[in-house]
Structures are given as structure tokens and as C-alpha cells.
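**Q** Residue numbers (the numbering used here): 120 to 518.
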Amino acid sequence: MKLEEYQQLDETYLVQNYGTRLPIAFVRGEGMYLYDSEGRRYLDFLAGIAVVTLGHSHPKLVAALTDQVGSLIHSSNYFLIGPQAELGKRLVELSGLDRAFFCNSGAEANEVLIKVARRWAAQHWGEGVRPVVITCDNSFHGRTLATLTATAQAKVQKGFAPLMPGFKYIPFNDLEAAGEAVTDDVCAFLVEPVQGEGGINVATDAFLQGLRDLCDERGLLLLLDEVQCGAGRTGTFFAYEQYHLKPDAVALAKGLGGGVPIGAMVCTQDLAEVLQPGSHGTTFGGNFLACRAGVTVVDTIREERLLENCRAIGAYLTQQLEALCDRNPRCAGVRGRGLMIALDLTEEIAAKARDAAAERGLIVNALRPDTLRLVPPLTVQPEHVDEAVRILDAAVSAA
Ligand SMILES: Cc1ncc(COP(=O)(O)O)c(C=O)c1O
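#1: From which residue to which residue does the alpha helix (DSSP H) around G225 run?
#2: Taking 6 Å as the cut-off, is the C-beta of F220 nearer than that to any heavy atom in ligand 1?
#3: Closer than 6 Å between the C-beta and any heavy atom of ligand 1: which residues qualify, listed along the chain?
#4: Take the Cβ of Q187 as the centre, count every other Cβ of all protein chains shown within 10 Å, and call the residue buried at 16 or more, exposed below.
#5: Given a cut-off of 7 Å on the beta-carbon distance, is the pair G374 and T172 in contact?
#6: What are the start and end residues of the alpha helix (DSSP H) that includes T131?
#7: Is it the case that the segment 324-334 contacts the segment 493-510, given that we only count it when at least three CB pairs across the two stretches are under 8 Å?
#8: Can you look up E502 in the DSSP assignment and give me helix, strand or coil?
#9: Report the start-end ranges of each alpha helix (DSSP H) in the segment 422-480 that is 4 residues or longer and not cut off at the edges.
#10: Excluding the 5 residues flanking L340 on each side, which residues of the same chain have their C-beta closer than 6 Å to its C-beta?
#11: By the three-class DSSP mapping on this structure, what secondary structure does R262 have?
#12: If you scan the segment 288-341 from start to end, which runs of the alpha helix (DSSP H) of 4 or more residues do you find wholly inside it?
#13: Which runs of the alpha helix (DSSP H) at least 4 residues long sit entirely within the segment 156-210? Give them in chain order.
#14: Suppose contacts are defined by Cβ-Cβ distances below 7 Å. Is T387 in contact with A183 by that definition?
#15: For G354, list the residues DSSP reports as bridge partners.
#16: Residue range of the beta strand (DSSP E) that L390 falls in?
#17: Does DSSP put V146 in a helix, a strand or coil?
#18: For V251, collect the residues of the same chain with a Cβ closer than 6 Å to its Cβ; drop the 5 residues on either side in sequence, then sort them by chain order.
#19: Using three-state DSSP, classify R110 as helix, strand or coil.
#20: Checking the sheet assignment: what are the DSSP bridge partners for M384?
#21: Please state whether DSSP places F111 in a helix, a strand or coil.
#22: Suppose the cutoff is 8 Å on Cβ atoms and the five residues either side in sequence are ignored; what does the same chain contact list for L213 look like?
#23: Please list the terminal residues of the continuous beta strand (DSSP E) segment that includes C348.
#24: Using three-state DSSP, classify A269 as helix, strand or coil.
#25: Have a look at R337, T263, N320 and V321 and flag the residue whose alpha-carbon is nearest the alpha-carbon of R249.
#26: Report yes if the CB atom of Y435 is closer than 7 Å to the CB atom of P501, and no otherwise.
#27: For L180, collect the residues of the same chain with a Cβ closer than 6 Å to its Cβ; drop the 5 residues on either side in sequence, then sort them by chain order.
#28: My output table needs one value for F286: the three-state DSSP class, helix, strand or coil.
#29: Based on the DSSP secondary-structure assignment, which residues constitute the bridge partners of I482?
#30: Between the C-alpha atoms of G148 and D474, what's the straight-line distance to the nearest angstrom?
#31: When you compare the CB positions of R352 and M459, do they come within less than 7 Å of one another, or not?
#32: Determine the direct distance from the alpha carbon of S195 to that of E392, and round the result to whole angstroms.
The following block contains the structure:
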């Protein structure tokens, strides 16, 4: 099919909720590159929004999924599921927590965190006595009714009133505000260690460690949303490892399946016990295909030393972007951790720069009107960084 046909089908039959769909139809991916219907090649520094951890069509993932598709895709949670238990074991060992639960997306993983927090609070203080979860301005936790309420961004909530009761917002990285927000109806904080959709904002050590201490002192839960910053993206498997603390529960999704939809909650034994039979579940969550993908992603991250690569190439990319800011007057600054990086521009030209980059064979996204996001696969190499920065330089100048 040619590009015009894809476009016509999309415009005729699909809900037009994705305003920024570019007129590019990818048909194939290999490593760091995507190929479109017209045979053009693109260097992928978006990775399906921080999802394609191992790059496209990684031979180990292709082999594992091919094998799994040929033997069993789905049976349901009425039965034992080998890859689900295998992935649970790996996530428990990596997290230092006790048990895992699997679902299908980031929003669903955060729903579980919120449900667990409420049910835990109900058991401690009585049903509905302390249901409030505190989240941060500019956070992003998902699009379900509970998670869009948790998401402290007016544009995400607009038109969906009444919002879910039981949420309260504080400025990100403001520990004093956090302390003041703890009234006697609060049971938990829900925080991204590195805010993704909100602009790649890194939590300070003082903030996250201070929240841990505050939660310990006041008997509250610290819930972390690592849907975007987890699964190795910041250079450790969990971003919270770099803060030398443990949450009570953490949400994963995006990068965990390397492109196959999956979500997960990993939590303490105490919280796991809250979800008794009948309290929560999902048809697809933790199925053979998704968990086989997850196991392969986790094992390949270890086998190919991708956390080390993420740290090294992340540092190199940051350095090269800082040098770009020195020589290109439209580039204002760099922010991020590991391979989760934002490039700020001096003007609101991010969408134009994104389009100009795509025309030159580089995929990035416009996170804000004046910010580009770079979240390449963790397999990225220095030569890809050089190519990306060269294209970005030209694209930003042309925007
Ligand atoms: C931090 C964070 N939490 C939750 C979500 C929602 O995940 P999903 O789109 O898989 O529902 C996202 C998606 O961008 C995210 O970045």
C-alpha cells in the first residue's frame, strides 16, 4: 500500500484523537532504523515513545516471540502461566520487592497502585477514611478516569468531569509542600522519579528521599510510576535505585515488553496481601506472549550490558547536545537521565523541528512547544548519536 492509501483509510475510519500523526507509514524496523512505505529509512530516537528497548526486530526477541506464538499465546489466569512466573521472579529480584502483578498498559499499572493503596488504607483505617493519593504537578499517569485524575495537567482532565475523588496535587520537587499536603485523609504519594510527558523532569535526591522518610514517619505508602523511566531507561533497571530507596510499589509498562503491550506492578508482601482473590484481575494481563517478551527484554538487558550502554551513551548524547547548544543559537539546554533526554529550544518550534528532522531521516518527538524528546532504544551506539545530532542541528536551524 502507498502512503496516500494509508492516509485515506486513517482519515475515513479512525477516531481522529491523535492530532500529531505524521504522514509516514512505517512498515519495517531493524535495530535503530525504521523503514516506511516509500522505502525511506529513519534513525529512531523515539523508540515508540520509550518502548522499543532492544531496538527493532532484535533477533532474540524475534526468536522468543516466534517460538511463543507457535506454541501458545494465551490461556487465561485460570491456569498457571510459566513466562508470567518467570518474569515475576526477575522483577522481584531486580526490585528488592516481594511480588508482581501483570496487566496490559501503563495506565492499568497505575490503576492497580491506586486500588492497592485505597484497599490497604481501608484495611488500616476503615473504608473511605484515608483514600487520598497525592501526585505532582505536570505528572502523567494515564488516561483512565482514575489515572487522568492522578495526572495533574488540566489539558488531560478537560471535559471529563466529574473527576475521581481522592486526589491532591503538589508542585514537583517541593518537599515542604508534600509535608503540608499530608492531612488525615491521605494514604499515599504517587510520583514519577523522572517525569516523562511533563517535560523530562528529574526528581531531586532530597525530594524523593524526603518523601520516603515522610511516608515512613507518617505511615503512608510511596508509590512510584516508572512506566516511562523504568526498564533500564535511566541507566539502572529501576530509576529509584539511583536514589538508594525502595518504594512500597512501582508501576512498569512501556519498555518492559520491548513493543509488546504489558504493564506490571511490583510491590511489598504487605501490599500484595491486600489483593485477595476476587479483588482485582484482567483477562489479558500476564499472558504468554507479553511475559515471554518481558523475560526476553530483561534477560537481553543483562546479557548485552544495556544498562552500562544506556549510561555511557546517555552521557555521550548529553555531551553532544550540550555542544550543539553552544553552537546552535536555537538550542537552549539539555535535561534528563540516562537515555531519557529533553532538548529545550529557544522558541516554540519543536513541532517544526520534529517535522524537519523526519524529512532528514530522524525520528524524535515534540514533547512541548519548545522541547524535543530523545528516548532511543538502549542499544544505541555512538555513531547513531553523531548522526542524530547532525540531523537535529540542521532540522532546528531549518524549523
Ligand atoms: C509515566 C507514565 N505513566 C503512565 C503512562 C500511561 O501509560 P499507557 O499509555 O501505557 O497507558 C505513561 C504514558 O506515557 C507514562 O509516561
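Note that the Cβ used here is the ideal one computed from N, Cα and C, for glycine as well.
No experiment lies behind these values; they were computed from the predicted model shown.
**A** Checking against the coordinates, here is how it stands:
#1: Its alpha helix (DSSP H) spans residues G225 to W244.
#2: no
#3: S224, G225, A226, N229, F259, H260, G261, E311, G315, E316, D344, V346, Q347 and A372
#4: buried
#5: yes
#6: L122 to Y132
#7: no
#8: Three-state result, E502: helix.
#9: 425-446 and 469-478
#10: A236, A307 and D367
#11: coil
#12: 294-300 and 324-337
#13: 166-169 and 178-190
#14: no
#15: For G354, which the question treats as bridged, DSSP gives no partner whatsoever.
#16: In this chain, L390 is not harboured by any beta strand (DSSP E); it is covered by the alpha helix (DSSP H) spanning Q388 to A391.
#17: strand
#18: G285, K287, D304 and V305
#19: Absent from the structure is residue 110, since the part of the chain shown begins at 120 and ends at 518.
#20: Answer is F220 and A370.
#21: Outside the shown range of the chain, which is 120 to 518, sits residue 111, and nothing can be said about it.
#22: Cβ within range, chain order: F356, F357 and V417.
#23: Taken as a continuous stretch (DSSP letters only), C348 belongs to no beta strand (DSSP E), as it is neither H nor E.
#24: helix
#25: R337
#26: yes
#27: L173, G377 and T415
#28: strand
#29: Looking at the DSSP assignment, I482 forms a beta bridge with D163.
#30: 20 Å
#31: yes
#32: 22 Å
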